[in-house]
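J.: Residue numbering for the sequence shown follows the working numbering, starting at 1056 and increasing by one per position.
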Amino acid sequence: MPDYIDDELLPLAEQFKRSPLDLSGFLEELSDKKISSEMYEVLTQISRGDKLSFENIEYLLTVEADKDKEVLYKTADYFRRKTVGDVIPLRAIIEFSNYCRKSCSYCGINSTVKNLTRYRMKEDEIIGLAKRIKEETGIERLVLQSGEDLFWTKERIVRLVERIVDQLKMKVTLSIGERTREEYDAYRQAGASNYLLKIETTNPELFKSVHPDDLLTERLQYSKWLSELGYINGSGIIIGLPGQTISDIARDIQYFRDLEISMIGIGPFIPARGTLLEDCKPGSIDLTLKAIAAARIVCRRVFIPVTTALTTLSKGAQIEALKCGANVIMIGYTPIEYRKNYNIYNGKARVGIDLALEAIEKSNRKPPNYIKWGDDNAQP
Ligand code: SF4
């Protein structure tokens, strides 16, 4: 058995079990914390195995008192430990094209952004990099991300996935946007196991305002297809989109639970140069952490990555996120000559393996046993 929760060990049938979670020892741990009556009520419902109501999720997102926030984070951390353990799986992400046909108003590589050098990595270049990542670090899980770039046709993506899965024996997560059901099916048949298609918000008006090219109903349909086709289904939201409310975020978290989403990326909004939202203020780190904690409590046995956006705003927040429910880190492997042109928001941080391992150590978590990494290494 591996020492971490692998994709295959996230059985969907068990993932959202409503059975009560035994909180006995945990509640005793909190006995000196003077829990508010609302928090006590939420914990009681959890211990009974109740499905948390919309109002309860909203409450978790609004706790302000230090004691209540501490209890929120400790509860989420307890759920993380009970459901996915202490080991932090690492995934290597390669952003292989910054061409995009869409004009999402928050995104720094959207099709309307000028003064951006567009690039596409070549298939052999991606394969060579993936091989090096595996050989030098031991990481076998690759996230292939791009804008919605139709140069990468179904046939090209299928061939790329097949080569990575068959020749390199690596697992592939795709994050290449909206495609047809037939294409999603072809990628799945080719061996892609995970798909990340973030919803960003489930509020229809807000969704429309930031996604002029997309329809929420269609995005929801795409996400359902991904589950039907057997992908480990990934989604996510941006905290702090202009106009977003706490109720919106609570509904997003309900959506993740009800649709049985298995990977949930929750990151703060960060403005991107050259976009309609470039002058808006960034999302709140505090609210992002509360949303991560609430998502862990509500959705339980899921992957919650520490988003690069959160690390961009604060390296300390990366560690905080690991302590309040997050359990995955994505390591950036996009080659340096391309990386600077994949600034989906301003000042995007680079999460290298050293930073990830430092965060794991500082948050008292464990690196996975497949990691080969030492002082003599230099990240590919
Ligand atoms: S968010 Fe995705 S689809 Fe939208 S513009 Fe950016 S890369 Fe394209």
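Backbone N, C-alpha and C fix where the C-beta goes; we use that ideal spot for every residue, glycine too.
Which residue marks the beginning of the beta strand (DSSP E) containing Ala-1147, and which one marks its end?
T.: It spans 1145-1152 - the beta strand (DSSP E) in which Ala-1147 sits, taken as one unbroken run.
J.: So if DSSP puts Ile-1287 in a beta bridge, which residue, or which two residues, is it bridged to?
T.: The partner list for Ile-1287 (beta bridge, DSSP) reads Asn-1249.
J.: Around the Cβ of Asn-1398, are there at least 16 other Cβ atoms within 10 angstroms (buried) or fewer (exposed)?
T.: Buried, by the Cβ-count rule.
J.: Note down, one range per segment and in chain order, each alpha helix (DSSP H) of at least 4 residues found wholly within the region 1215-1260.
T.: Fully enclosed alpha helix (DSSP H) runs of 4 or longer: 1236-1245.
J.: Could you check which residue in Leu-1229, Glu-1413, Asp-1240, Asp-1307 has the C-alpha nearest to that of Glu-1375?
T.: Cα-wise, what sits closest to Glu-1375 is Glu-1413.
J.: What residues in its chain sit with their C-beta under 8 Å from that of Leu-1205, if we drop five residues either side in the sequence?
T.: For Leu-1205, where only same-chain residues beyond five positions count, the Cβ hits under 8 Å are Arg-1156.
J.: Distance check for Ala-1245 and Lys-1417, CA to CA, integer angstroms please.
T.: Distance between the alpha carbons of Lys-1417 and Ala-1245: 38 Å.
J.: Leaving aside the five residues before and after Asp-1058 along the sequence, list all residues of the same chain whose C-beta is less than 7 Å from its C-beta, in chain order.
T.: Residue confidence for Asp-1058 is low, a pLDDT of 49 falling below 50, so the modelled location carries little weight; the figure read from the coordinates is stated next. Excluding positions up to five away in sequence, the list reads Val-1142, Pro-1423, Asn-1424.
J.: Quick one: grab the DSSP three-state call for Gly-1322.
T.: Looking at Gly-1322 - three-state DSSP - the assignment turns out to be strand.
J.: Taking a contact to mean a Cβ-Cβ separation below 8 Å, would you say Lys-1378 touches Tyr-1128 in this structure?
T.: Taking 8 Å as the Cβ cut-off, Lys-1378 and Tyr-1128 qualify as a contacting pair.
J.: Taking 7 Å as the cut-off, is the CB of Gly-1232 close to at least one heavy atom of the ligand SF4?
T.: Flag set: Cβ of Gly-1232 near the ligand SF4.
J.: When the Cα of Ala-1185 is compared with those of Val-1220, Gly-1298, Ser-1158, Glu-1210, which residue comes out closest?
T.: Here the closest residue by C-alpha is Val-1220.
J.: By how many angstroms is the C-alpha of Glu-1255 removed from the C-alpha of Ser-1264?
T.: Taking the straight line joining both Cα atoms gives about 12 Å.
J.: By Cβ distance, which residues of its chain are closer than 6 Å to Glu-1150, with the 5 residues on each side in sequence left out?
T.: Closer than 6 Å at Cβ, skipping near neighbours: Gln-1200, Thr-1389, Tyr-1397.
J.: Going by the CB atoms, is the gap between Ile-1292 and Ile-1304 shorter than 8 Å?
T.: Their beta carbons are under 8 Å apart, which means Ile-1304 touches Ile-1292 by this criterion.
J.: Among Tyr-1393, Gln-1373, Gly-1202, which residue has its Cα nearest to the Cα of Leu-1344?
T.: Checked all of Tyr-1393, Gln-1373, Gly-1202; the closest Cα to Leu-1344 is Gln-1373.
J.: Within the same chain, show all residues whose beta-carbon is closer than 8 Å to that of Leu-1223, passing over the 5 residues directly before and after it, in chain order.
T.: Cβ neighbours of Leu-1223 beyond the five flanking positions: Ile-1182, Ala-1185, Lys-1186, Lys-1189.
J.: Please return the same chain residues whose Cβ sits closer than 6 Å to the Cβ of Cys-1335, not counting the five positions on each side in sequence.
T.: Hits under 6 Å: Pro-1297, Pro-1326.
J.: Would you kindly work out how many angstroms separate the C-alpha atoms of Gly-1320 and Glu-1083, rounded to a whole number?
T.: C-alpha separation (whole angstroms): 31 Å.
J.: Roughly how far, in whole angstroms, is the beta-carbon of Arg-1146 from the beta-carbon of Thr-1228, given that I think they are within contact range, below 8 Å?
T.: Rounded, the Cβ-Cβ distance is 7 Å, consistent with contact.
J.: Just to check, is the beta-carbon of Asn-1396 closer than 7 Å to a non-hydrogen atom of the ligand SF4?
T.: Asn-1396 Cβ: outside cutoff for every heavy atom of the ligand SF4.
J.: From the DSSP output, in three-state form, read off Lys-1417 for me.
T.: Lys-1417 falls in the helix class under three-state DSSP.
J.: Could you check if Asn-1165 belongs to the surroundings of the ligand SF4, using beta carbon to heavy atom distance under 7 Å?
T.: Yes, the ligand SF4 has a heavy atom inside 7 Å of this Cβ.
J.: Would you kindly work out how many angstroms separate the C-alpha atoms of Asn-1419 and Cys-1162, rounded to a whole number?
T.: When rounded, the distance between both Cα atoms is 34 Å.
J.: On the CB-based measure, 16 or more other CB atoms within 10 Å of its CB, does Ala-1120 come out buried or exposed?
T.: Looking at its Cβ environment, which holds fewer than 16 other Cβ atoms inside 10 Å, Ala-1120 is exposed.
J.: Looking at the ligand SF4, does it come within less than 7 Å of Ile-1294, judged from the CB to the closest heavy atom?
T.: Because no heavy atom of the ligand SF4 lies under 7 Å away, the Cβ of Ile-1294 does not count as near it: no.
J.: Look at the Cβ atom of Gly-1289, then the Cβ atom of Leu-1251, and state whether they are nearer than 8 Å.
T.: It is a contact, given that the beta carbons lie within the stated cut-off.
J.: Taking only the alpha-carbon atoms, compute the straight-line gap between Val-1383 and Glu-1392 and give it to the nearest angstrom.
T.: Spanning the two alpha carbons is a distance of roughly 26 Å.
J.: Could you please give the first and the last residue of the uninterrupted beta strand (DSSP E) stretch that includes Val-1198?
T.: Note, Val-1198: beta strand (DSSP E), 1196-1201.
J.: For Leu-1270, count neighbouring C-beta atoms within 10 Å of its own C-beta (all shown protein chains included) and say buried if the count is 16 or more, exposed if not.
T.: Exposed, by the Cβ-count rule.
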